[in-house]
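Colleague: Protein chains in written order, with my numbering: chain A, 1 to 311; chain B, 1001 to 1311.
Just dropping this structure here.
Next comes the structure, spelled out in structure tokens:
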């Protein structure tokens, strides 16, 4: 009881700055359109036309948009110009299959670990490298090895355990296909009823209902759609059913950059698990590129400035 | 005489493919505009307007253009929108001064080397990392150390020595400021009269007459302008005085990517010294990114396919 009192007295709300579209995002949107165009078609003329169109869209992008809102428009354009609804379909399947083949090995890692929950969190963050929006090459096995021992740049693990213990159920915002298998591993360690949220339609390699089922998530969670096609959780693009869950969830775990971009200054507590893969997000979080993060946005500052000293 | 006969019999002309604008160049042009805009001004709105304009230019870029031809248009737009003629002025001065401070150490490296000419070539290629068009970070001292021992992906050194021995004078196409100091070191080892060619006006951090003089090149070479503002040697943008020199030169040494992009399939022999810093150029050369190259374009193939076995 005394602990809880200290918790209430000394804790301030800290919110991160609302993510907006930065100048650096504009060339990145062109690169994303090129990558997605190439996934959809081999027709160079079609891809050139796509880049012409995206180039012309730049002037109309409101800079106060979060990047996934603009991403939504860019990937709509990819679908419109190429006529391909899910350019990443094959590579998503392949990433899910690769992740599933690693599943037994990853479970063994957890079973041999002195801190199963923390190891599962690290594995879930390692899965976040399977992000085909950022255009970085990755080797999932190497990344798992690295992230299993990497120091966290932000580490609100005590708060995570505290909220997890109290929570009756958890809302888990998925990010990429393949990463979804790594999410399953974390969900299995949470030991609580979990609802897993996916995108409404295919966008980049983000996880949809079909991808989630292919990843085996239906065995460990209820799967729902956010109702939005944006590659990140933008509340005003989500449907009412999702919003009700979001507002009333005991605990929310949000995976990846796109969800963080949409929710960075949201008015409720959310745990963000991600690897900072681009300079813009790293800067917003006050960390370095490639840092890993377990962040509670409304997190609690102790008199000593260390959140981990609290219950 | 026999050697010369074999040389004539067994050698075929090999030309590399004309560089054109690739789809990958289009997002890169946006990134270059952003970097140059930021060099020119802190006014985010002006930079956004610059990117709006460059975005709209994408659809009008002829894909058969070489990249420096399009670069010329992009950097003209940077000057027009920001009103700054030479956004890279300060950083060029700083790079030249840093390179000048290394000059004594580099000269010592040459003097201690068993193959002074080859070490000077390596140093001149190391200087090619000072390229602010490609947006890669570099540490010049580290890069010199690396390139002093790096294996060449293409190594037409025997032909280089052969032509150098015969040449009465040499035309040397400069690339970046700072790199120009490294060029001086190679020029000092050539022991022939050298004409050093620079851009007509400031573009990116490319070397101009003023930069060449600040690099001390007036002490070792005649300095002339190509007559063009493109960040590479595009013959149909160059002036007659340069073209006459180019057509009649005994030997031409061309530094860097921009000059290679303009001259890759030119109808005369040119030695290209560069580090392949972008995937598009690496692919055109048939080498890997970050490879170093000493390439004679019209090079001689022996019956064994090895050019270095010839005189």
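Glycine included, C-beta positions come from ideal geometry on N, C-alpha and C.
1. Contact between the stretch 1253-1270 of chain B and the stretch 1108-1118 of chain B is defined here as three or more beta-carbon pairs at a separation below 8 Å; is this criterion met?
2. Taking Cβ positions only, does residue 27 (chain A) come closer than 8 Å to chain B?
3. Under 8 Å, do residue 154 (chain A) and residue 280 (chain A) count as touching if we go by C-beta distance?
4. Assuming residue 18 (chain A) and residue 269 (chain A) make a contact with CB atoms under 8 Å, what is their CB distance in whole Å?
5. Tell me which same chain residues have a C-beta within less than 8 Å of the C-beta of residue 1073 (chain B), skipping the five on either side of it?
6. List the whole-angstrom C-beta distance separating residue 288 (chain A) from residue 136 (chain A), where the pair is believed to meet the contact cut-off of C-beta under 8 Å.
7. Can you name, in chain order, every residue of its own chain whose Cβ lies under 6 Å from the Cβ of residue 1182 (chain B), other than the five neighbours on each side?
8. With DSSP run on the structure shown, which of helix, strand or coil describes residue 1088 (chain B)?
9. Go ahead and label residue 1032 (chain B) buried or exposed: buried means 16 or more other beta carbons lie within 10 angstroms of its beta carbon, across all protein chains shown.
10. When the Cα atoms are used, what is the spatial distance from residue 88 (chain A) to residue 82 (chain A)?
11. Can you tell me which residues form a DSSP beta bridge with residue 222 (chain A)?
12. Taking only beta carbons into account, state which residues of the stretch 1029-1053 of chain B come closer than 9 Å to chain A, listed in chain order.
13. Could you check whether residue 68 (chain A) and residue 234 (chain A) sit closer than 8 Å to each other, using their CB atoms as the reference points?
14. Decide if the stretch 1212-1229 of chain B is in contact with the stretch 1131-1148 of chain B; the criterion is three or more beta carbon pairs, one per stretch, under 8 Å apart.
15. If we call anything under 8 Å between Cβ atoms a contact, is residue 34 (chain A) one with residue 1027 (chain B)?
16. Can you tell me which of the three DSSP states residue 184 (chain A) falls into?
17. Sorted by chain position, which residues of the same chain lie with C-beta nearer than 6 Å to residue 1258 (chain B)'s C-beta, five sequence neighbours on each side aside?
18. In the structure shown, what three-state DSSP assignment does residue 1253 (chain B) receive?
19. With respect to the beta strand (DSSP E) encompassing residue 295 (chain A), which residues constitute its N-terminal and C-terminal limits?
20. How long is the line joining the alpha carbons of residue 1216 (chain B) and residue 1260 (chain B), rounded to whole angstroms?
21. Counting only beta-carbon atoms, is residue 1133 (chain B) nearer than 8 Å to chain A?
22. So is residue 1048 (chain B) buried or exposed if we call it buried at 16+ other beta carbons inside 10 Å?
23. For a test of the three-state rule: what should DSSP assign to residue 128 (chain A), helix, strand or coil?
24. Leaving aside the five residues before and after residue 38 (chain A) along the sequence, list all residues of the same chain whose C-beta is less than 8 Å from its C-beta, in chain order.
25. For a quick check, are the C-beta atoms of residue 1211 (chain B) and residue 1121 (chain B) less than 8 Å apart?
26. Let me know the secondary structure DSSP gives residue 1170 (chain B) once reduced to three states.
27. For residue 187 (chain A) versus residue 106 (chain A), is the C-beta spacing smaller than 8 Å?
28. Looking at C-alpha atoms only, which residue of A:156, A:52, A:71, A:242 is the closest neighbour of residue 171 (chain A)?
29. Would residue 58 (chain A) count as contacting chain B if we go by Cβ distances under 8 Å?
30. In angstroms, rounded to a whole number, what distance separates the CA positions of residue 1102 (chain B) and residue 1150 (chain B)?
31. Taking its Cβ as the centre, do 16 or more other Cβ atoms sit within 10 Å of residue 1001 (chain B), making it buried, or is it exposed?
32. Hey, is residue 1019 (chain B)'s beta-carbon within less than 8 Å of any beta-carbon in chain A?
33. For the stretch 136-165 of chain A, which segments carrying the beta strand (DSSP E) assignment without a break, of at least 3 residues, lie completely within its bounds, in sequence order?
34. For the stretch 244-259 of chain A, which residues have a beta carbon sitting closer than 7 Å to at least one beta carbon of chain B?
35. Can you pull the chain B residues whose beta carbon is under 9 Å from the beta carbon of residue 23 (chain A), in chain order?
36. Need the endpoints of the beta strand (DSSP E) that residue 275 (chain A) sits in, please.
Modeller: Short version:
1. no
2. One-based indexing of the first chain puts residue 27 (chain A) at position 27. Nearest CB-CB separation between residue 27 (chain A) and chain B: below the 8 Å threshold.
3. The residue you call residue 154 (chain A) lines up with position 154 of the first chain. The residue you call residue 280 (chain A) lines up with position 280 of the first chain. No, these two residues do not count as a Cβ contact at 8 Å.
4. As a working mapping, residue 18 (chain A) is identified with position 18 in the first chain. As a working mapping, residue 269 (chain A) is identified with position 269 in the first chain. Wrong, their Cβ atoms sit about 17 Å apart, outside the cutoff.
5. The sequence position of residue 1073 (chain B) within the second chain is 73, counting from 1. Counting only Cβ-Cβ distances below 8 Å, and skipping sequence neighbours, we find 1057, 1061.
6. On the first chain, position 288 is the one that residue 288 (chain A) refers to. On the first chain, position 136 is the one that residue 136 (chain A) refers to. So it is not a contact: roughly 15 Å between Cβ atoms.
7. Here residue 1182 (chain B) refers to the residue found at position 182 of the second chain. Only 1123, 1124, 1127 meet the Cβ criterion.
8. For the purposes of this step, residue 1088 (chain B) is taken as residue 88 along the second chain, with counting starting at 1. Looking at residue 1088 (chain B) - three-state DSSP - the assignment turns out to be coil, as it is neither helix nor strand.
9. Here residue 1032 (chain B) corresponds to residue number 32 of the second chain, with the count starting at 1. Under this definition residue 1032 (chain B) is a buried residue.
10. As a position in the first chain, residue 88 (chain A) is number 88, starting the count at 1. As a position in the first chain, residue 82 (chain A) is number 82, starting the count at 1. Between residue 88 (chain A) and residue 82 (chain A), the C-alpha separation is close to 13 Å.
11. Reading the first chain from its first residue, position 222 is the one you call residue 222 (chain A). Per DSSP, A:195.
12. 1029, 1030, 1031, 1032, 1033, 1034, 1037, 1038, 1044, 1047, 1048, 1049, 1051, 1052, 1053
13. Here residue 234 (chain A) refers to the residue found at position 234 when the first chain is read from its first residue. Here residue 68 (chain A) refers to the residue found at position 68 when the first chain is read from its first residue. Contact flag set, yes.
14. no
15. Position 34 of the first chain, counted from the first residue, corresponds to residue 34 (chain A). Position 27 of the second chain, counted from the first residue, corresponds to residue 1027 (chain B). It is a contact, given that the beta carbons lie within the stated cut-off.
16. As a first step, residue 184 (chain A) must be located in the first chain, where it is residue number 184. Look at residue 184 (chain A) here: in three-state DSSP terms it is helix.
17. The count along the second chain starts at 1 and reaches residue 1258 (chain B) at position 258. Result list for residue 1258 (chain B): 1068, 1231, 1232, in chain order.
18. Along the second chain, one-based indexing puts residue 1253 (chain B) at 253. Residue 1253 (chain B) falls in the strand class under three-state DSSP.
19. For the purposes of this step, residue 295 (chain A) is identified with residue 295 of the first chain, where counting begins at 1. From DSSP, the beta strand (DSSP E) with residue 295 (chain A) extends over 292-296.
20. Here residue 1216 (chain B) refers to the residue found at position 216 when the second chain is read from its first residue. Here residue 1260 (chain B) refers to the residue found at position 260 when the second chain is read from its first residue. Approximately 24 Å, taken between the alpha carbons.
21. Taking the first residue of the second chain as position 1, residue 1133 (chain B) is located at position 133. No, residue 1133 (chain B) does not count as interfacial toward chain A.
22. In the second chain, the residue the question calls residue 1048 (chain B) occupies position 48. It is buried - the Cβ of residue 1048 (chain B) has at least 16 other Cβ atoms within 10 Å.
23. For the purposes of this step, residue 128 (chain A) is identified with residue 128 of the first chain, where counting begins at 1. Correct three-state label for residue 128 (chain A): coil.
24. Reading the first chain from its first residue, position 38 is the one you call residue 38 (chain A). These residues qualify, in order along the chain: 47.
25. Looking up residue 1211 (chain B) in the second chain gives position 211. Looking up residue 1121 (chain B) in the second chain gives position 121. Against a cut-off of 8 Å, the Cβ pair of residue 1121 (chain B) and residue 1211 (chain B) comes out as no contact.
26. Counting from one through the second chain, the residue named residue 1170 (chain B) turns up at place 170. Strand at residue 1170 (chain B).
27. Along the first chain, one-based indexing puts residue 187 (chain A) at 187. Along the first chain, one-based indexing puts residue 106 (chain A) at 106. Against a cut-off of 8 Å, the Cβ pair of residue 106 (chain A) and residue 187 (chain A) comes out as no contact.
28. In the first chain, residue 171 (chain A) corresponds to position 171, counting from 1. It is A:242 whose Cα lies nearest to the Cα of residue 171 (chain A).
29. Here residue 58 (chain A) is taken as the residue at index 58 of the first chain, counted from 1. Chain B, which has a Cβ nearer than 8 Å to the Cβ of residue 58 (chain A), makes this yes.
30. Here residue 1102 (chain B) refers to the residue found at position 102 of the second chain. Here residue 1150 (chain B) refers to the residue found at position 150 of the second chain. Each residue's Cα considered, the two are about 20 Å apart.
31. Numbered from its first residue, the second chain carries residue 1001 (chain B) at position 1. Bear in mind that a pLDDT of 46 at residue 1001 (chain B), under 50, signals an unreliable position, so the number given afterwards is only what the model happens to contain. Exposed, because fewer than 16 other Cβ atoms sit within 10 Å of the Cβ of residue 1001 (chain B).
32. Residue mapping note: residue 1019 (chain B) aligns to position 19 of the second chain, counting from 1. No, because no Cβ of chain A sits closer than 8 Å to the Cβ of residue 1019 (chain B).
33. 152-155
34. Here the close residues number zero.
35. If you number the first chain from 1, residue 23 (chain A) lands on position 23. Neighbours of residue 23 (chain A) on chain B, chain order: 1034, 1037, 1038, 1044, 1047, 1048, 1051.
36. Taking the first chain and counting its residues from 1, one reaches residue 275 (chain A) at position 275. Looking at the DSSP string, the run of the beta strand (DSSP E) that includes residue 275 (chain A) is 271-275.
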